[in-house]
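Undergrad: Chains as they are written, first to last, in my numbering: chain D, 289 to 422; chain W, 205 to 467.
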């Protein structure tokens, strides 16, 4: 059980925040690779939201591999929070809700943040550190 | 003291920022009329009325809303917009702080009136502070409680305490203070609620959005007859990263009067 990474993807599919947690977590990728991954996930998510046989759907919520899973939280405004965790991690959903709360407080209420732009914000970093460790 | 011309604070368009505030002048007559604005404070339980029938904010009893609380989130969003709006119309950090101070001043004049009305109207012997220290104490407790719901954390008389941090702050913040000037007073808030969600970017680290609070304090001091220059400064400590100092520099006439009253 471990939490390895957090992404925040804006409604246009751009990666606005990315953090890795723990020393022996995810392999290091270049920032360009992260941008491509986020953009791809955004596209996949858009397609999955149209696959539902019974009308409208909010799209993929988890994508899992053999050793890890991606948990996706889609907000009402189209911002996506993605948490990379181990398969057995039971708190992924509640952690994402708390990240959303921290985002609403420290990012959206901050007059120096430009919407849809990368998040460079000490307050948000501090809240995420308190929530997930550094 | 002569009051030859109206206090510049009573106009939003203080002289040096006229150029950047021109746009306000055309709309100001409608912008500040509150009476027709629909009320936010919909009465719970009362039968639904159309906005036209509801009494305007001026007609409602003043004491009814005494214990009412405002959503901190809603205010945080409002204040964030205020800062963004102001920031687009200024040329630098000092200008931004001054404009926030002016906005706070407009709030402060009203807060003082309401606070005095609520606290003293029911008392048998209503009083008004005429000495500076009791006035400062009432700002520290009454004003803070009326505006933020709790007293401020400390009052300090700077330099004399030889607090290194304070004197360094003073030298940075108020280079115009002459050595002969008396030490300014400071009100300290360890975690000001209105800037709780604001992270100032590094290139603007001098900026303190609590200038708004400083404006409120300045208006209250002015209203009580203690004209002063009030500014806000970040004085973070390890324990309280958001610690803010409100610096009060009284006008000379006030200091002279205090000296004379001491006799």
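For each residue, glycine too, the CB sits at the ideal point set by N, CA and C.
Is it a yes or a no for the stretch 312 to 326 of chain W touching the stretch 264 to 275 of chain W, going by three-plus beta-carbon pairs under 8 Å?
TA: Yes, they touch.
Undergrad: Does DSSP classify residue 401 of chain W as helix, strand or coil?
TA: Here residue 401 of chain W refers to the residue found at position 197 of the second chain. It is coil, neither helix nor strand.
Undergrad: Would you say residue 308 of chain D faces chain W, with C-beta separation under 8 Å as the test?
TA: Counted from its first residue, the first chain places residue 308 of chain D at position 20. Judged by the 8 Å Cβ criterion, residue 308 of chain D is not in contact with chain W.
Undergrad: Could you tell me the boundaries of the beta strand (DSSP E) in which residue 390 of chain W lies?
TA: Numbered from its first residue, the second chain carries residue 390 of chain W at position 186. Taken as a continuous stretch (DSSP letters only), the beta strand (DSSP E) holding residue 390 of chain W covers 389 to 393.
Undergrad: Should residue 426 of chain W be labelled buried (16 or more other beta-carbon atoms within 10 Å of its own) or exposed?
TA: Residue numbering aside, residue 426 of chain W sits at position 222 when the second chain is read from its first letter. Counting Cβ neighbours within 10 Å, residue 426 of chain W comes out buried, since at least 16 surround it.
Undergrad: Apart from the five residues just before and just after residue 317 of chain D, which ones in its own chain have a Cβ nearer than 8 Å to its Cβ?
TA: What you label residue 317 of chain D is simply residue 29 of the first chain in a count that begins at 1. Result list for residue 317 of chain D: 325, in chain order.
Undergrad: Taking 8 Å as the cut-off, decide whether the C-beta atoms of residue 428 of chain W and residue 339 of chain W are in contact.
TA: Against the second chain, residue 428 of chain W aligns to sequence position 224. Against the second chain, residue 339 of chain W aligns to sequence position 135. Yes, the Cβ-Cβ distance between residue 428 of chain W and residue 339 of chain W is below 8 Å.
Undergrad: To the nearest angstrom, how far is the alpha carbon of residue 459 of chain W from that of residue 465 of chain W?
TA: Along the second chain, read from residue 1 onward, the residue named residue 459 of chain W stands at position 255. Along the second chain, read from residue 1 onward, the residue named residue 465 of chain W stands at position 261. Spanning the two alpha carbons is a distance of roughly 10 Å.
Undergrad: Taking a cut of 7 Å between CB atoms, which residues from the stretch 377 to 398 of chain D lie near chain W?
TA: Answer set for the stretch 377 to 398 of chain D: 393, 394, 397, 398.
Undergrad: I'd like to check one pair, residue 344 of chain W with residue 356 of chain W: are the Cβ atoms closer than 8 Å?
TA: Position 152 of the second chain, counting from 1, holds the residue named residue 356 of chain W. Position 140 of the second chain, counting from 1, holds the residue named residue 344 of chain W. A contact, by the Cβ cut-off of 8 Å.
Undergrad: Which residue's Cα is closest to the Cα of residue 276 of chain W: W/451, W/396, W/446, W/407?
TA: Numbered from 1 along the second chain, position 72 holds the residue referred to as residue 276 of chain W. Selected option, being the one with the closest Cα: W/396.
Undergrad: List, in chain order, every chain W residue whose beta-carbon is nearer than 8 Å to that of residue 409 of chain D.
TA: If you number the first chain from 1, residue 409 of chain D lands on position 121. Within chain W, the residues near residue 409 of chain D are 403.
Undergrad: What are the boundary residues of the beta strand (DSSP E) that includes residue 305 of chain D?
TA: Taking the first residue of the first chain as position 1, residue 305 of chain D is located at position 17. Taken as a continuous stretch (DSSP letters only), the beta strand (DSSP E) holding residue 305 of chain D covers 303 to 308.
Undergrad: Smallest Cα separation from residue 423 of chain W: which of W/279, W/291, W/347, W/292?
TA: Taking the second chain and counting its residues from 1, one reaches residue 423 of chain W at position 219. With distances taken between Cα atoms, residue 423 of chain W lies closest to W/347.
Undergrad: Going by DSSP, name the residue or residues bridged to residue 293 of chain D.
TA: Translated into the one-based positions of the first chain, residue 293 of chain D becomes position 5. DSSP, once it has assigned bridges, lists D/308, D/372 as partnering residue 293 of chain D.
Undergrad: Within the continuous alpha helix (DSSP H) that includes residue 450 of chain W, where are the two ends?
TA: To locate residue 450 of chain W, count along the second chain from 1; it is residue 246. Unbroken run through residue 450 of chain W is the beta strand (DSSP E), 448 to 454; no alpha helix (DSSP H).
Undergrad: Leaving out five residues before and five after residue 279 of chain W in sequence, what residues of the same chain have Cβ atoms less than 8 Å from its Cβ?
TA: Sequence index remark: in the second chain, residue 279 of chain W carries index 75 (1-based). The answer, listed in chain order, is 398.
Undergrad: How would you write the range of the alpha helix (DSSP H) that residue 351 of chain W sits in, first residue to last?
TA: Here residue 351 of chain W refers to the residue found at position 147 of the second chain. It spans 348 to 352 - the alpha helix (DSSP H) in which residue 351 of chain W sits, taken as one unbroken run.
Undergrad: Confirm, please, whether the CB-CB distance from residue 398 of chain D to residue 402 of chain W is below 8 Å.
TA: Counting from one through the second chain, the residue named residue 402 of chain W turns up at place 198. Counting from one through the first chain, the residue named residue 398 of chain D turns up at place 110. Contact flag set, yes.
Undergrad: Quick check on the DSSP output: the alpha helix (DSSP H) that includes residue 356 of chain D runs from which residue to which?
TA: On the first chain, position 68 is the one that residue 356 of chain D refers to. Residue 356 of chain D -> not in any alpha helix (DSSP H); beta strand (DSSP E) instead, spanning 356 to 362.
Undergrad: Determine, using beta carbons only, whether residue 391 of chain D comes closer than 8 Å to chain B.
TA: Protein chains in the displayed structure are D and W, and chain B is not among them.
Undergrad: Tell me which residues share the same chain as residue 394 of chain W and place their Cβ nearer than 6 Å to its Cβ, disregarding the 5 neighbours each side in the sequence.
TA: Looking up residue 394 of chain W in the second chain gives position 190. The answer, listed in chain order, is 357, 444, 447.
Undergrad: Going residue by residue through the stretch 318 to 347 of chain D, where are the continuous alpha helix (DSSP H) segments of at least 4 residues, counting only ones entirely within it?
TA: Fully enclosed alpha helix (DSSP H) runs of 4 or longer: 319 to 336.
Undergrad: Could I get the ranges of all uninterrupted alpha helix (DSSP H) runs contained in the stretch 410 to 447 of chain W, with 4 residues as the minimum, in chain order?
TA: For the stretch 410 to 447 of chain W, whole alpha helix (DSSP H) runs of length 4 or above, ordered along the chain, are 415 to 427.
Undergrad: Please classify residue 315 of chain D as buried or exposed, where buried requires at least 16 neighbouring CB atoms within 10 angstroms.
TA: For the purposes of this step, residue 315 of chain D is taken as residue 27 along the first chain, with counting starting at 1. Label assigned to residue 315 of chain D: exposed.
Undergrad: If we count the other Cβ atoms within 10 Å of its Cβ and call it buried at 16 or more, is residue 385 of chain D buried or exposed?
TA: As a position in the first chain, residue 385 of chain D is number 97, starting the count at 1. Per the 10 Å Cβ criterion, exposed.
Undergrad: Taking only the alpha-carbon atoms, compute the straight-line gap between residue 300 of chain D and residue 367 of chain D and give it to the nearest angstrom.
TA: Taking the first residue of the first chain as 1, we reach residue 300 of chain D at position 12. Taking the first residue of the first chain as 1, we reach residue 367 of chain D at position 79. Cα-Cα distance, rounded: 9 Å.
Undergrad: What does residue 360 of chain W pair with, by DSSP beta-bridge criteria?
TA: Sequence index remark: in the second chain, residue 360 of chain W carries index 156 (1-based). Answer is W/390, bridged to residue 360 of chain W.
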